[in-house]
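What follows is a short report on a single structure.
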Amino acid sequence: METKYKHYRNSVGNGLRNVQITTKCRYRMMRKERIATYCKVSIEEACKKHKIEIVILKVLPEHSHLMVDIPRTMSDSKLMQILKGLSAFILFRLCPNLRKRYPKGHFWSDGYFCEGVGVNDFEKVYNYIEKQEEHHGLA
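Using our numbering, the first residue of the sequence shown is number 1380, and each one after it goes up by one.
Here it is as structure tokens:
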């Protein structure tokens, strides 16, 4: 897979980020295929609404890994606010029964992992995310 630089008026570069977000208290909420699909759809919708391009997304029982390409003007904290906040909002709309486990509406934990991905790291990070199911013994 080849990375492409985005060209802006006065700059050229990429905004690739490797992100991992975890459910609150590490509950294995995405064990069921239906909820995992809803979670994937909610993350995709949140990203699409804010012009965030998803390169790869893996939803596992208690956490999600993704590589995204964000606009150059967006900070990591804003990215996480959009990913976690809006995806949880959409997820609770799609699956209201999750409110029984999360009555305050906080689906994702407070912490997160987010790092920049350069041209040299792209293949390594992509393969790492691709093999997460095997890594966690789910494949």
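By construction, the Cβ of each residue, glycine as well, lies at the ideal position given by its N, Cα and C atoms.
Computed from a prediction, not measured in an experiment: that's the story for all the values here.
When the options are compared against residue i, the one with the closest alpha-carbon
{"i": "Tyr1384", "options": "Lys1483, Cys1493, Val1398 and Asp1448", "result": "Asp1448"}
{"i": "Val1420", "options": "Ser1466, Lys1503 and Asn1506", "result": "Ser1466"}
{"i": "Leu1473", "options": "Arg1396, Ile1414, Val1434 and Gly1394", "result": "Ile1414"}
{"i": "Ile1431", "options": "Asp1455, Lys1503 and Ser1390", "result": "Asp1455"}
{"i": "Leu1517", "options": "Lys1427, Ile1433, Lys1503 and Lys1411", "result": "Lys1411"}
{"i": "Lys1394", "options": "Ile1433, Pro1475 and Thr1416", "result": "One detail in the question is off: residue 1394 reads as Gly in this sequence, not Lys. That would be Ile1433, whose Cα lies nearest to the Cα of Gly1394."}
C-beta contact flag for residue i and residue j at 8 Å
{"i": "Ile1469", "j": "Glu1424", "result": "yes"}
{"i": "Lys1463", "j": "Ile1400", "result": "yes"}
Beta-carbon proximity list for residue i, same chain, < 7 Å, skipping 5 on both sides
{"i": "Arg1407", "result": "Pro1440 and Glu1441"}
{"i": "Ile1435", "result": "Leu1445, Met1446, Tyr1505, Ile1508 and Glu1509"}
{"i": "Gln1511", "result": "Lys1437, Leu1439 and His1444"}
Cβ separation of residue i and residue j, assumed to be a contact under 8 Å, to the nearest whole Å
{"i": "Lys1403", "j": "His1515", "result": "So it is not a contact: roughly 19 Å between Cβ atoms."}
{"i": "Met1409", "j": "Ile1508", "result": "Between Ile1508 and Met1409 the Cβ distance is about 16 Å, and since that is not below 8 Å, they are no contact."}
{"i": "Val1496", "j": "Arg1396", "result": "6 Å"}
{"i": "Cys1418", "j": "Val1438", "result": "5 Å"}
{"i": "Arg1451", "j": "Gly1392", "result": "7 Å"}
Same chain, Cβ closer than 6 Å to residue i, neighbours up to 5 away in sequence not counted
{"i": "Ile1422", "result": "Ser1466"}
{"i": "Met1453", "result": "none"}
{"i": "His1386", "result": "none"}
Same chain, Cβ closer than 8 Å to residue i, neighbours up to 5 away in sequence not counted
{"i": "Leu1477", "result": "Met1408, Ile1414, Leu1470, Phe1471 and Phe1486"}
{"i": "Ser1390", "result": "Arg1451"}
Residue i CB to nearest heavy atom of the ligand PLP below 7 Å
{"i": "Asn1393", "result": "Inclusion of the ligand PLP in the displayed structure is not the case, the ligand content being empty and no account of it being possible."}
Is the stretch 1481–1498 in contact with the stretch 1454–1463, if contact means three or more CB pairs nearer than 8 Å?
The stretch 1481–1498 and the stretch 1454–1463 touch, with no fewer than 3 CB-CB distances between them shorter than 8 Å.
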